[in-house]
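Residue numbers (the numbering used here), protein chains in the order written: chain X, 1 to 369; chain G, 1 to 340. For each residue, glycine too, the CB sits at the ideal point set by N, CA and C. On a predicted model such as this, the values are computed, not experimentally measured, just so you know.
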Amino acid sequence: MSTEMYKPGSYPNLPPPPGTVGFYGWIKSNLFSSISNSLLTIISVVLVYYLIDGIIGWFFFDAVFDADSKIECRKIDNGACWAVITRRVGQFVYGFYPEAERWRIDISFLTMFIAFAPLLYPDLPKRKWLLWFSGIYPFFAFVLINGGFFGLAKIEYSLFGGFMLTVILGVTGIVCSLPIGILLALGRQSKLTVVRTLSVCFIEFMRGVPLITLLFVASSMLNYFMPPGTNFSILVRVIIMFTFFSAAYIAEVIRGGIQAIPKGQYEAADALGMNYWQTTRFITLPQALKISIPGIMNTFIGLYKDTTLVVVIGLLDPLGIGRAALADTKWNGLSTETYLFVALFFFVSCFAMSRYSLWLENKLNTEHK
Amino acid sequence: MKTKILLAAATAGVMFAGSVLASTLDEVRARGKLNCIINTGLAGFAAPDDKGKWTGFDVDFCRAVAAATLGDADKVNYTTATGKTRFTKLAAGEGEILSRNTTWTFSRDVDLSQTFIGVSYYDGQGFMVPKALGVKSAKGLDGASVCIQTGTTTELNLAEFFAGNGMKYNPVPIETNAEAQELYKAGRCDVYTTDASGLYATMSSFDNPADHMVLPEIVSKEPLGPVVRHGDDQWADIVAWTLKAMMAGEELGITSANVKSLAGKDNKNKEINRLLGKDPLQGISKLGLSADWAVNIIAQVGNYEEVFEKNLGMSTPLKIARGMNQLYRDGGLFYIPPIK
């Protein structure tokens, strides 16, 4: 014990007593503070160990990553049989797109990020130039994926499938539904009776009908309305339905944002002599869209996952490819592995979208809450 | 008034467009590919292999028609359809053939304006039990608990079968085939009932298929076959005789291995000569096919027996016995008109 004398106020900060802080301190106070707590801790650790041991073992250590069939998998080890995925990863990604032409999908997918970057990140250097590319990207991607121009072979839509189909449906639906949704939201608030009525009818009809019904309409009914012989691809029909459906939801989300703007904002705009479009462009939309970001992203993620519904009209999205794989007598019965893999893909893409929306919310946060 | 004019115009347009359509065969030849509507995935009948190539019993029939009409079994575009969308896809012209384990019924044939061109596979509702149960016949299932998909014809067939034999059962209602598999594996029900081919597919997905068996009784009629649209008899004949040629191949002993040599020489059995184009069949040009149409089918796809054994037979995990699906002379139901 030190007996050194200190002047008032100059006593140095001593370290806390040993065993109360740091790793051991935390363990002692949180896990072993009493006999019953200690018992609970030990039981939990044992339980977690067995659980994780089983799960991790099934996932990795006892799993088979390459084999010719399920029977062969079971001969090698008794964990997951990931061979069904590794052997068919091309199908899960590209569907039945011809192997020799798959580079076209790769390029479209990679350049998609370049096209989206200037739209998603406003601070990007050389953004003006990149925006030009974003403008022509849809045509670029269409020509590349669909083919039929510049010596590229035309690829039948029936060969589209897998993650590629999900991304095409999801991204096109998302990109097209936002502007339509904004117009519908403005239309619903419009003072022009015709515009307002049409918008309300469209929104209420699309929201009032289950998506699966619209998909059946796309797959069956539209054919009867077209003259025989017209080749109006099922893919385009489905994309239109997805876009309309999601646009109706987006419209309502944005309307919520518009209505949350204080009346004083409009009055101020009027006082400045702004006309309707100026008010909309500089006052209404910037604020309404910012407020609606979480809702919009919610709708988008919903739309993205809803693309799996195309399985009911016979399009082979990842879920459909998975089911088709299970119908192969070689892999029959490996449903757990297949569905987990598809779930992982959807989780990763949806999580990325959700993180982006959080980032955007923080960036646009002006502390006016 | 305006609507009336519009309606009239639309009707006229549709009728006009309908009348100028070329024959199905010409369309297929002009395109160079046959469009075939198949299942999104059913073990043994239609499933993509690891390379993305569709295989299966129904798929091979599409290939046979392509071989007959285009001379190349690989010239097929496959369009997948679910049970709900298959008929509209056919009606809308998304395919020339629906080859998707479709049961031939009165209303599907007549009411939906389509033509069933024959039976390629006789299916029927059966029962699967664990061997440990010790039951050898469906008549011994009194008091058993049965997994059954609700809202299907199988439910009705089951009730009729048990009532007809004065037996009782406990239904375990389920929604999907996958759910049934899990319940059955967990021992929640003693018996699982659905179409026999589905039972074999389910059984092959088990870790120990040998522990289960399908009982001999088949309690319903499910004749499955390819379907074409009404209105083009030439096309219907082509598809029908493609199927018959495959069966005739089995009856006459023509296989993919020996078809080329048989086609090259004069056979004692004149029916072989006629089928393989040595002695020309009267009217083959009316069908729009070349003389070697059957040679192409059997050489590139195989006769009925080969196709059955390759996709469903004892050498596959499905291990389905021929049963009703063999020639009449072997005790089956296939009786082919003479090739004359």
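- Residue-level contact by beta carbon holds for ALA47 (chain G) and chain X, with a gap shorter than 7 Å.
- Here LYS89 (chain G) is near ALA81 (chain G), since their CB atoms are less than 7 Å apart.
- In the three-state reduction of the DSSP assignment, ARG88 (chain X) falls in the coil class, being assigned neither a helical nor a strand state.
- Counting only residues of its own chain and dropping the five nearest sequence neighbours on each side, GLY208 (chain X) has no CB closer than 7 Å to any other CB.
- The alpha-carbon of GLY41 (chain G) is positioned some 15 Å away from that of LEU159 (chain X).
- Your pair THR154 (chain G) and GLN125 (chain G) checks out as a contact, with CB atoms roughly 5 Å apart and the cut at 8 Å.
- For PHE96 (chain X), a Cβ of chain G is located within less than 7 Å of the residue's own Cβ.
- Cβ proximity to chain X below 9 Å picks out ALA201, THR202, SER204, SER205, PHE206, ASP207 from the region 198–223 of chain G.
- Uninterrupted alpha helix (DSSP H) stretches at least 4 residues long and entirely within the region 272–345 of chain X occur at 276–279, 285–306, 318–327, given in chain order.
- Along the length of the region 108–191 of chain X, whole alpha helix (DSSP H) runs at least 4 residues long occupy 127–146, 162–189, reported in chain order.
- Near chain G, meaning a CB-to-CB distance below 7 Å, the residues of the region 147–161 of chain X are GLU156, SER158.
- When Cβ-Cβ separations below 7 Å define contact, PRO317 (chain G) makes contact with chain X.
- Here ILE56 (chain X) is exposed, its C-beta having fewer than 16 other C-beta atoms within 10 Å.
- Contact note: ASP195 (chain G) does not reach chain X at a C-beta cutoff of 9 Å; the least C-beta distance is about 15 Å.
- Secondary structure in the region 106–158 of chain G: the alpha helix (DSSP H) runs of 4 residues or longer, each lying completely within the stretch, are 106–110 in chain order.
- Annotated three-state conformation of CYS81 (chain X) is strand, per DSSP.
- Remark: C-beta atoms of ASN311 (chain G) and PHE116 (chain G) do not approach each other more closely than 7 Å.
- With respect to ILE284 (chain G), ALA245 (chain G) sits apart: the two C-beta atoms are not nearer than 7 Å.
- Rounded to the nearest angstrom, the gap between the Cα atoms of ILE145 (chain X) and GLU156 (chain X) is 10 Å.
- Under DSSP, ASN77 (chain G) shares a beta bridge with G:ASN35.
- Neighbours of ASN362 (chain X) in chain G, taken as residues at a C-beta separation under 9 Å, are lacking, since the least C-beta distance is about 43 Å.
- Contact with chain G is found for VAL312 (chain X), since one of that chain's Cβ atoms lies less than 7 Å from the residue's Cβ.
- A direct Cα-Cα distance of roughly 43 Å separates GLY231 (chain G) from TRP103 (chain X).
- The CB of THR299 (chain X) never comes closer than 7 Å to any CB in chain G; the least such distance is about 27 Å.
- The CB of THR40 (chain G) comes closer than 7 Å to the CB of GLY314, LEU316, GLY320, ARG323, ALA324 in chain X, given here in chain order.
- Rounded to whole angstroms, the separation of the alpha carbons of GLU250 (chain G) and ARG229 (chain G) is 28 Å.
- Look at ARG100 (chain G) here: in three-state DSSP terms it is strand.
- For ASN78 (chain X), not one C-beta of chain G is nearer than 7 Å to its own C-beta.
- Interface with chain G (7 Å Cβ-Cβ cutoff): ALA100 (chain X) is excluded.
- DSSP places THR194 (chain G) inside the beta strand (DSSP E), whose first and last residues are 191–195.
- Going by DSSP, ILE43 (chain X) is part of the alpha helix (DSSP H) stretching over 35–56.
- At the C-beta level, PRO226 (chain G) and VAL119 (chain G) stay beyond 7 Å of one another.
- Annotated three-state conformation of ASN170 (chain G) is strand, per DSSP.
- Non-local beta-carbon contacts of GLU305 (chain G) in its own chain, meaning distances under 6 Å to residues more than five positions away in sequence, involve GLU250 in chain order.
- A distance below 7 Å between beta-carbons, with the five flanking residues on each side excluded, links GLY173 (chain X) to the following residues of its chain, in chain order: ILE239, PHE242, THR243, SER246, LEU303.
- Around the Cβ of PRO317 (chain G), a 10 Å sphere holds 16 or more other Cβ atoms; the residue is buried.
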